[in-house]
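For reference, the structure is listed below as structure tokens.
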Amino acid sequence: LRTISQLYKTSVLKAPSPDKQKFKPNSSYLNRITLFQGDITKLEVDSIVNAANKRLLGGGGVDGAIHAAAGRKLYHECTKLNGCETGFSKITGAYRLPSKKIIHTVGPVYSSTSADQKAKELASCYQTSLDLALENSLRHIAFPSVSTGIYGYPIEDATHIALNVVRKHFESEDDSTFKLDRVVFVVWSNKDKSVYESLIPEYFPPS
Ligand code: AR6
């Protein structure tokens with residue numbers, strides 16, 4: 009198991025080349041994100057996100073891993089949710105997982121609609137998941153790379169969307185907003201890890 013304090017030590021990032029830099033350095037943002045390579049079901053954090061499908065009744069990939077690890081009670085709770093539309097998210101208990109809650113989000117199938125539409129839907133997955141974490145006063149949220157496995161979204165495009173939504177969320181915070189302590193980006197493959205390592209410094213440049 010990985011506790012949140014162990015996750016604090018995992019980000020090692022290089023500065024982006026100046027011409028790529030769209031966002032200003034802000035250490036209070038950079039200090040709240042982590043890149044973690046490994047199994048999301050092992051994270052002892054307040055919430056993990058599941059890359060689910062519209063039925064919300066389990067499947068392959070990370071969804072299969074989460075349902076297998078959380079156990080049958082998760083499936084039972086999911087049967088009461090009435091599914092979920094693409095680009096939206098619903099929250100459940102985490103049962104046998106070490107996290108407190110699971111936020112199930114339904115990413116777009118890459119081959120399904122126009123580029124513009126699926127980019128909006130994927131951004132909405134990240135936004136609605138963040139919204140649920142905030143509404144439920146959850147201090148951490150760990151995202152897998154939604155839609156980039158079975159649903160076929162190219163990892164580079166999807167990573168830009170994920171990082172942009174989180175950066176914009178941090179920028180939108182004010183004194184009255186409940187603040188997430190940590191956003192964890194969970195990658196499985198070495199390829200995905202290297203994509204995140206090269207793009208995180210564009211959205212969260214070190215000062
Ligand atoms: N921990 C972290 N990441 C993982 C894990 C894990 N245990 N297992 C896989 N990944 P995918 P999608 C990565 O296919 O593209 C399901 O059948 C994986 O390498 O799980 O949104 C659902 O029911 C990839 O980088 O989700 C839906 O029908 C990422 O998680 C459909 O697949 C997402 O890949 C959703 O497809």
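In UniProt numbering, the protein residues as written are 9 to 215. Backbone N, C-alpha and C define an ideal beta-carbon position, used for all residues, glycine too.
Report the residue from the options whose alpha carbon sits nearest the alpha carbon of residue i.
| i | options | result |
| --- | --- | --- |
| Ala127 | Phe212, Ile163, Leu38 and His75 | Ile163 |
| Val53 | Phe44, Phe178, Tyr159 and Asn61 | Phe44 |
| Gln135 | Val117, Ile111 and Thr156 | Ile111 |
| Cys86 | Ile99, Leu130, Ala76 and Val173 | Ile99 |
| Ser97 | Leu105, Tyr103 and Lys109 | Lys109 |
| Gly91 | Thr113, Lys62, Leu105 and Tyr118 | Lys62 |
| Arg190 | Ala141, Ser180, Pro209 and Ser206 | Ala141 |
| Tyr37 | Ser202, Val192, Phe178 and Glu210 | Phe178 |
| Arg104 | Ala73, Gly95 and Leu89 | Ala73 |
| Ala102 | Gly115, Glu93, Ser132 and Asp71 | Asp71 |
| Thr42 | Lys199, Leu171 and Lys176 | Leu171 |
| Leu15 | Val194, Pro213 and Thr167 | Val194 |
| Pro213 | Arg147, Ile12, Arg40 and Thr11 | Arg40 |
| Ser155 | Asp200, Lys176 and Lys30 | Asp200 |
Buried or exposed for residue i, please, with buried defined as at least 16 other CB atoms from any protein chain shown within 10 angstroms of its CB.
| i | result |
| --- | --- |
| residue 219 | Since the displayed the chain opens at 9 and closes at 215, residue 219 lies outside it and no answer follows. |
| Pro33 | exposed |
| Ser215 | exposed |
| Thr113 | buried |
| Ser25 | exposed |
| Phe186 | exposed |
| Leu9 | exposed |
| Gly95 | buried |
| Glu129 | buried |
| Ser145 | exposed |
| Gly197 | Here the sequence assigns Ser to residue 197, which means Gly is not the residue at that position. Ser197 is exposed by the Cβ-count criterion. |
| Thr49 | buried |
| Ser132 | buried |
| Asn115 | Looking at the sequence shown, residue 115 is not Asn but Gly. Buried, because 16 or more other Cβ atoms sit within 10 Å of the Cβ of Gly115. |
| Gly46 | exposed |
| Glu93 | exposed |
| Ala76 | exposed |
Quick test of your reading: residue i and residue j, contact by CB under 8 Å. State the CB separation rounded to the nearest angstrom.
| i | j | result |
| --- | --- | --- |
| Leu51 | Val192 | 7 Å |
| Tyr118 | Gly160 | 4 Å |
The stretch 74-91 in contact with the stretch 120-128 per 3-pair CB rule at 8 Å: no
Validate contact between the stretch 48-64 and the stretch 150-157 using beta carbons, cut 8 Å, 3 pairs: yes
Under 6 Å, CB to nearest heavy atom of the ligand AR6: contacting residues: The set, ordered by position in the chain, is Asp47, Ile48, Thr49, Ala59, Ala60, Asn61, Gly67, Gly68, Gly69, Val70, Asp71, Ala73, Gly115, Pro152, Ser153, Val154, Ser155, Thr156, Gly157, Ile158, Tyr159, Val194, Trp196, Ser197 and Asp200.
Cβ contact (3+ pairs, closer than 8 Å) linking the stretch 180-189 and the stretch 198-207: no
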